[in-house]
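Reading the sequence shown from the start, the letters are residues 1 to 162 in full-length UniProt numbering. I have placed the structure first, in the form of C-alpha cells, so that the comments after it can refer back to it.
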Amino acid sequence: MSLAQTLPLEDALQCRQAGADDAAALLRLIGQPDYNGEAMDEAGARRVLDAMAAYPFYRAYLFEDALGVAGMVCLIVMDNLGHRGAPVALVENVIVAEDRQGQGLGRAMIAEMATLAERQGAYKLILATSMKREGAHGFYERLGFERYGYSYGLPLQLEDEA
Numbered sequence: 001m002s003l004a005q006t007l008p009l010e011d012a013l014q015c016r017q018a019g020a021d022d023a024a025a026l027l028r029l030i031g032q033p034d035y036n037g038e039a040m041d042e043a044g045a046r047r048v049l050d051a052m053a054a055y056p057f058y059r060a061y062l063f064e065d066a067l068g069v070a071g072m073v074c075l076i077v078m079d080n081l082g083h084r085g086a087p088v089a090l091v092e093n094v095i096v097a098e099d100r101q102g103q104g105l106g107r108a109m110i111a112e113m114a115t116l117a118e119r120q121g122a123y124k125l126i127l128a129t130s131m132k133r134e135g136a137h138g139f140y141e142r143l144g145f146e147r148y149g150y151s152y153g154l155p156l157q158l159e160d161e162a
C-alpha cells in the first residue's frame with residue numbers, strides 16, 4: 001500500500017496549484033530561518049512560476065486551511081528512458097509554515113504529492129535534503145522514504161557572480 005493510499009489529504013487542508021499571484025506567500029515560506037532557502041525577490045519568483053507552467057509537469061503547490069497558508073511543495077514529473085519509460089517524480093521545497101510544524105501537515109502534503117505522482121504514472125517519488133537537516137531526514141524516513149544511494153551536487157557559478 002502506498003503512502004498516497006494511506007494518508008489522504010485532510011478535508012480542512014486544501015491543496016492548489018500556485019501561480020504568480022502567490023509569489024509573496026511562497027517566498028515567506030522559503031525565507032523561514034529553519035528552511036534557509038535563500039529566497040529571491042517577488043518579481044523573480046513570478047518569472048520562475050511562469051516558466052514552471054511551461055514544463056510538461058512542474059508545479060508549485062500551496063496548502064491552505066482556515067488559518068491561512070500552511071505550506072508548499074514543488075513537484076516535477078519527468079519522462080524517463082529507464083524503467084520501461086515510466087516517469088520519475090521529484091519533490092522539492094517541502095516547507096511547512098514555522099508556526100504550523102508538528103501538526104501532520106507535512107505528512108499530508110507529501111501524501112498529496114505521492115497521489116499526484118501516481119496519477120502521472122511515476123514509478124517512484126524521490127527527494128533530496130541537506131545533510132544538515134537531520135530532523136527532516138527522520139521525517140522522510142518515518143513516511144517510508146529509504147536512503148538508497150548518494151546524492152551529489154556540483155555548485156555552478158552563475159554569470160552575475162563572475
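Beta carbons are placed, not taken as given, at the ideal position from N, Cα and C, and that holds for glycine.
Cα-Cα separation, Gly121 to Ala86: Sequence index remark: in the sequence shown, residue 121 carries index 121 (1-based). Sequence index remark: in the sequence shown, residue 86 carries index 86 (1-based). Looking at the two C-alpha atoms, the distance is approximately 6 Å.
Reference Ala128; option with closest CA among Gln17, Glu112, Glu146, Glu118: Within the sequence shown, the letter at position 128 stands for residue 128. For the residues Gln17, Glu112, Glu146, Glu118, the minimum Cα distance to Ala128 belongs to Glu146.
Residue closest to Val88, alpha-carbon to alpha-carbon, out of Ile76, Arg107, Asp50, Val69: Within the sequence shown, numbered from 1, the residue matching residue 88 stands at position 88. Here the closest residue by C-alpha is Ile76.
Taking the alpha-carbon positions, what's the His83 to Pro56 distance? Taking the sequence shown and counting its residues from 1, one reaches residue 83 at position 83. Taking the sequence shown and counting its residues from 1, one reaches residue 56 at position 56. Their Cα atoms are separated by approximately 19 Å.
Indicate whether Leu27 and Ala53 have their beta-carbon atoms separated by less than 8 Å. Taking the sequence shown and counting its residues from 1, the one referred to as residue 27 is at position 27. Taking the sequence shown and counting its residues from 1, the one referred to as residue 53 is at position 53. A distance of 8 Å or more separates the beta carbons of Leu27 and Ala53.
Classify Phe57 as helix, strand or coil using the three-state DSSP reduction. What you label residue 57 is simply residue 57 of the sequence shown in a count that begins at 1. If DSSP states are grouped into helix, strand and coil, Phe57 belongs with coil.
How many Å lie between Val94 and Met109 at the Cα? Taking the sequence shown and counting its residues from 1, the one referred to as residue 94 is at position 94. Taking the sequence shown and counting its residues from 1, the one referred to as residue 109 is at position 109. Distance from the CA atom of Val94 to the CA atom of Met109, rounded to whole angstroms, is 8 Å.
Buried or exposed (CB count within 10 angstroms, at least 16 for buried), Tyr61: Translated into the one-based positions of the sequence shown, residue 61 becomes position 61. Within 10 angstroms of the beta-carbon of Tyr61 lie 16 or more other beta-carbons, which makes it buried.
Looking at the secondary structure, which residues open and close the alpha helix (DSSP H) in which Met109 lies? Taking the first residue of the sequence shown as 1, we reach residue 109 at position 109. First-last of the alpha helix (DSSP H) with Met109: 105-119.
What is the rounded straight-line gap between the Cα of Ile126 and the Cα of Gly104? For the purposes of this step, residue 126 is taken as residue 126 along the sequence shown, with counting starting at 1. For the purposes of this step, residue 104 is taken as residue 104 along the sequence shown, with counting starting at 1. In a straight line, the C-alpha of Ile126 is about 20 Å away from that of Gly104.
Determine the extent of the beta strand (DSSP E) in which Arg16 is found, giving its start and end residues. By 1-based counting over the sequence shown, the position of residue 16 is 16. Annotation: the continuous beta strand (DSSP E) that includes Arg16 extends over 14-17.
What number of angstroms, rounded off, separates the C-alpha of Arg100 from the C-alpha of Ala70? In the sequence shown, the residue the question calls residue 100 occupies position 100. In the sequence shown, the residue the question calls residue 70 occupies position 70. When rounded, the distance between both Cα atoms is 7 Å.
Distance, Cα to Cα, Glu42 vs Ala23? Along the sequence shown, read from residue 1 onward, the residue named residue 42 stands at position 42. Along the sequence shown, read from residue 1 onward, the residue named residue 23 stands at position 23. In a straight line, the C-alpha of Glu42 is about 6 Å away from that of Ala23.
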